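Peer 1: Numbering (this note's numbering), first residue to last: 8 to 255. The C-beta atom is built at its ideal place from N, Cα and C for all residues, glycine as well. The structure presented is a predicted model; accordingly, all values stated were derived computationally and were not measured.
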């Protein structure tokens, strides 16, 4: 499973970080390891094997009553030991499974990270958690800068029209590109259909208030059920543009 996934996700640059990190977190979550990776829990420690009970009263002359008492104590000790042994076996099995799952994910990390990041972030530690934190500090920081650039582009692009744009197709294509870039990085402005559709409508409203109201009415059903995609919206806007320009 992990070997197949390794071919789909590669961390070669900050632009890859969001998809790669999302897959890593999904794998950790699926194996109940996410709290360990995020530092809110510690991994299971290897349990200590219990020592078998040893009778301390050996070869000592005893009465029948003493033999009976010693026999009961011996049986209780053996029962206690067996209980401890069973608990040890369960804890050892849990520890073994958890460490095996961690090793698998750590191996996936090594297979999907480029050589330069391996040298500076992964090979410098034997801990998958430390390797992740190293990558987050080095590569994730670059990803945040990219996200800020995308957000700035979006904010600039979505300013309300001042009159009719010279080339509406160029504006639409640029909007599609920004939405695609933001979607790949799971950015907030791409996640809520009603929010980004409303922002789109606010931007184009100065074109023609009545026409935009009619356009909004036509896409409202898809906004309400969450089925509207940004491609649907841009294509729906493209079709009537020639008529709108003729009208003006």
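Output the boundary residues of the alpha helix (DSSP H) element that contains residue 189.
Peer 2: 175-191
Peer 1: Compute the Euclidean distance between the alpha carbons of residue 159 and residue 44, then round it to the nearest angstrom.
Peer 2: 32 Å
Peer 1: Please go through the same chain and pick out, in chain order, the residues whose beta-carbon is closer than 8 Å to the beta-carbon of residue 243, but skip the five residues on each side of it.
Peer 2: 222, 225 and 226
Peer 1: In angstroms with no decimal places, state the Cα-to-Cα distance between residue 219 and residue 181.
Peer 2: 20 Å
Peer 1: Could you pull the start and end residues of the alpha helix (DSSP H) that residue 228 belongs to?
Peer 2: 216-232
Peer 1: Reducing DSSP to helix, strand and coil, say where residue 120 ends up.
Peer 2: strand
Peer 1: Among 167, 35, 198 and 214, which has the Cα closest to the Cα of residue 115?
Peer 2: 35
Peer 1: In this structure, how does DSSP classify residue 44 when only helix, strand and coil are distinguished?
Peer 2: Residue state, collapsed to three classes: helix.
Peer 1: Thinking C-beta only, is residue 40 closer than 8 Å to residue 108?
Peer 2: yes
Peer 1: Helix or strand or just coil, what does DSSP make of residue 18?
Peer 2: strand
Peer 1: Straight-line CA distance for residue 245 to residue 167?
Peer 2: 18 Å
Peer 1: Residue 142 and residue 128 - do their beta-carbons sit closer together than 8 Å?
Peer 2: yes
Peer 1: Inspect the beta-carbon positions of residue 32 and residue 146 and report whether they are closer than 8 Å.
Peer 2: no
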